[in-house]
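Chains as they are written, first to last, in the working numbering: chain A, 1 to 208; chain B, 1001 to 1679.
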């Protein structure tokens, strides 16, 4: 079984990181982990006048009650929340590279508006990925097997949530076999999927 | 009782009579002590006629913080905080539990959970109501009662997801594994609410069978159990010829109409729905159905496949046309003189660029170039380009205007292109190594950004210029924005004006976050005068105390001689009144004093020769109580020392007391009590 991450320049290096444990099964089925959202933060180390940005940018939403400006970029599709202290949060990227590129573009844009921005402390904070298993999952059995770590409340949410502490990742398992993984970076997300795959395999119910 | 030596005769034989409170020397008969302080439990009469013990329970851990009774007057008699919390929790649990009709065993278990939660400090920062509800729901789950989280949220009028969050946290922290909800548990409850009369049991059984069938058919994973119950009951009712409309079922089961209809449709899709009623009761179909989401997925897959096939057919046709095109072009090219070397592809690239639109990305350009060359090499080159040049691809995509730069970047990549068309595995390894190298170089690039300088690689300035409006647009936008946010701007102006005004007047209060009130230490002072001073420093100004009088007390301390008639009111009384003053300073004691005061009215008459009998007695009794309870405040070492001081102050107290009472305009008794309470 191979796990291929659909993210561009990391493609090759991921292949080399393929874990041996999963190479054993010769199912010849590839699991696609699709990264849907990457959240990152960075600082400009200078005070930003939100009113100027709001009035001179063409794609901004100013929220004075909260005290921030939302700026949306088209090229890497990114939405950024800009605070006057100079801290900026970027959401909506589909890969770590894209997130960095978008952040740099944003900083360049602010530079052009006249602020002395510096690009420091860039950090990817959260990565959200989805993955589909080729089988359905029996959630109640899954929760029973992994008692304290997994929790399932059908009254509240249709998915069972599994928290991996050492990776700081959360996996939400749906009965259709789709899972969503959130973690601090792409590596952790991949590792989380590797970890959880055998557990899910035990509780599979029907093949797709 | 410590055996002392009699002062008059030196005899050690001293008889102590607890009933009378005397210590008498057996040798000479002189009374050594009178009105011995009793340290037994005393009782007080309540307003209802019952009697309760006087005193407070203090925890043995020694961390007990006795609340200041002035403020905590109305709470449970000065118990420590933990006991109060538990009592409060118990009360709320019982209240909610009775509304849910839980039996006493469940309520006790819930209270145990609550105690555990309090020990683990889970009640901090959460509303007590939420924690209580979570404990109750935990009990419901472990016992298997048919109570839903929705019921609890109905009672409390709280969002069910908030309660759910608290419940999950509680279950996790207490390491209690709540068993999964079985929809079968809810059937009897809902059936009862739907009022099937005599046939209740039959309908329930049918509904149960239906539910079990649903479980086998994979309808219940990830769904709310109440929705399934509703659908099962509806069908069961219809089967037994009860007309229950969808609306009735919804009001009982608490799901919405859409959900119920959906469940019914899903059930309809299962083969079981095709059976007649009799067949259903007798036969249980062997085969299991697939989950409804699965069938929906299958349908989607089928549609996609159809689309694929159609697309393929179109492709085939196109492919044929393309191959004809290629052949023709090949022929044309072979007739033209060929350029060799890296610049050949450069030229090809140039021509293709002109022909193709600017908007397409590099892989697109390359594809066009390749298609013209060879149909077979197309796929390979596409893949390898995407592997090799994602970074370069971005660069060239971004800098569309400046072709020269892109070509320069692309240029060094071209030699491997030639070898790519040859053997594949070596090309693959080349591709990989190159991409790894690129990854490494990118890391170096990252190092630059730590300086804070903005790395402009890959950023198209022109495009970013588009993000910034020109002057005209800025003006228009400013106007629009001002109009839109007029209210907010007005508010801001008003706020600023207000602050400016307040600053002028000097009353400007900055909005600071509330700090928890500082806990004051009990005042330790050697003389009452000191204690009063300290109290005045600490405490805020109260309107019910005549401070001048209090201050004067200290100054008049030098005047001589206690009145001898005072003696029956005894050293004990004076000591106690001194202590009482100190306690007045340190801790306010509202309740015991008042109650004790009332009780001691009859006692006053017993004591002969007490002049300001009432006031003194009140003080004495108050002091008795306080002496028992607030031991640390009592200075055992110096009965002699401050007895003098007491005597003096006693005197002053005489006069100012009288005058104070006069000032208050008063009745002897009520005033004093008020005075204490007022503190």
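Think of the CB as a built atom: it goes at the ideal place given N, C-alpha and C, for glycine as much as any other residue.
Residue i versus chain A: which residues are under 9 Å apart at the beta carbon?
i	result
residue 1116/B	Those within 9 Å of residue 1116/B in chain A number zero; the least Cβ separation is about 16 Å.
Using a Cβ-Cβ cut-off of 8 Å, state whether residue i counts as contacting chain A.
i	result
residue 1149/B	yes
residue 1187/B	no
residue 1426/B	Since pLDDT at residue 1426/B reaches only 49, below the 50 mark, its modelled position is unreliable, and no value is offered.
residue 1293/B	yes
residue 1168/B	yes
residue 1159/B	no
residue 1256/B	no
residue 1164/B	yes
residue 1175/B	yes
residue 1485/B	yes
residue 1361/B	For residue 1361/B, the predicted model reports a pLDDT of 40, less than 50, meaning its position is unreliable and no value from the coordinates is stated.
How far does the beta strand (DSSP E) with residue i in it reach, from first residue to last?
i	result
residue 1680/B	The structure shown does not extend to residue 1680/B, since chain B is modelled only from 1001 through 1679, so no value can be given for it.
residue 1119/B	No beta strand (DSSP E) contains residue 1119/B, which is instead part of the alpha helix (DSSP H) from 1104 to 1119.
residue 32/A	30 to 43
residue 136/A	135 to 137
residue 162/A	160 to 164
residue 1045/B	1043 to 1045
residue 126/A	120 to 132
residue 90/A	87 to 93
residue 183/A	178 to 183
residue 209/A	Only positions 1 to 208 of chain A appear in the structure, and residue 209/A is not among them; the question remains open.
Mind listing the chain B neighbours of residue i? Cutoff is C-beta to C-beta under 8 Å, in chain order.
i	result
residue 113/A	1468
residue 140/A	1180 and 1221
What in chain B is Cβ-close to residue i, meaning under 7 Å?
i	result
residue 174/A	1222
residue 170/A	None at all; the shortest Cβ gap to chain B is about 13 Å.
Note the first and the last residue of the continuous alpha helix (DSSP H) segment covering residue i.
i	result
residue 1025/B	Residue 1025/B -> not in any alpha helix (DSSP H); beta strand (DSSP E) instead, spanning 1022 to 1025.
residue 1252/B	1246 to 1253
residue 59/A	From DSSP, residue 59/A is part of no alpha helix (DSSP H); its letter is neither H nor E.
residue 1199/B	Segment: none, residue 1199/B is in no alpha helix (DSSP H) and carries neither H nor E.
residue 1482/B	1471 to 1484
residue 186/A	186 to 202
Examine chain B for any beta-carbon lying closer than 8 Å to the beta-carbon of residue i, and answer yes or no.
i	result
residue 92/A	no
residue 64/A	yes
residue 196/A	no
residue 203/A	no
residue 200/A	no
Report, in whole angstroms, the separation of the C-beta atoms of residue i and residue j, which I expect to be a contact under 8 Å.
i	j	result
residue 122/A	residue 103/A	6 Å
residue 1228/B	residue 1244/B	The pair is not a contact, with the Cβ atoms about 16 Å apart (cut-off 8 Å).
residue 1087/B	residue 1097/B	16 Å between Cβ atoms; not a contact.
residue 73/A	residue 106/A	6 Å
residue 1221/B	residue 95/A	Not confirmed; about 33 Å, so no contact.
residue 192/A	residue 173/A	Wrong, their Cβ atoms sit about 12 Å apart, outside the cutoff.
Going along chain E, which residues have a C-beta under 9 Å from residue i?
i	result
residue 1474/B	Here the protein chains are A and B, and chain E is not one of them.
Going along chain A, which residues have a C-beta under 7 Å from residue i?
i	result
residue 1478/B	55
Which residues in chain A have a C-beta closer than 8 Å to the C-beta of residue i? List them in chain order.
i	result
residue 1488/B	64 and 65
Could you check if residue i belongs to the surroundings of the ligand ATP, using beta carbon to heavy atom distance under 7 Å?
i	result
residue 89/A	The ligand ATP is not part of this structure, which contains no ligands at all.
| Which residues, in order along the segment 67 to 78 of chain A, keep a beta-carbon less than 9 Å from a beta-carbon of chain B? | 71, 73, 74 and 75
| task | Give, in chain order, every residue of the segment 1212 to 1224 of chain B whose Cβ lies closer than 7 Å to some Cβ of chain A. | result | 1221, 1222, 1223 and 1224
| Got a sec: which bits of the segment 144 to 160 of chain A sit with their beta carbon under 9 Å from any beta carbon on chain B, in order along the chain? | Only 144, 147, 148, 151, 152, 153, 154, 155, 156, 157, 158, 159 and 160 from the segment 144 to 160 of chain A bring a Cβ to less than 9 Å from some Cβ of chain B.
| Short-range partners of chain A found in the segment 1093 to 1112 of chain B, where Cβ spacing is below 7 Å | none
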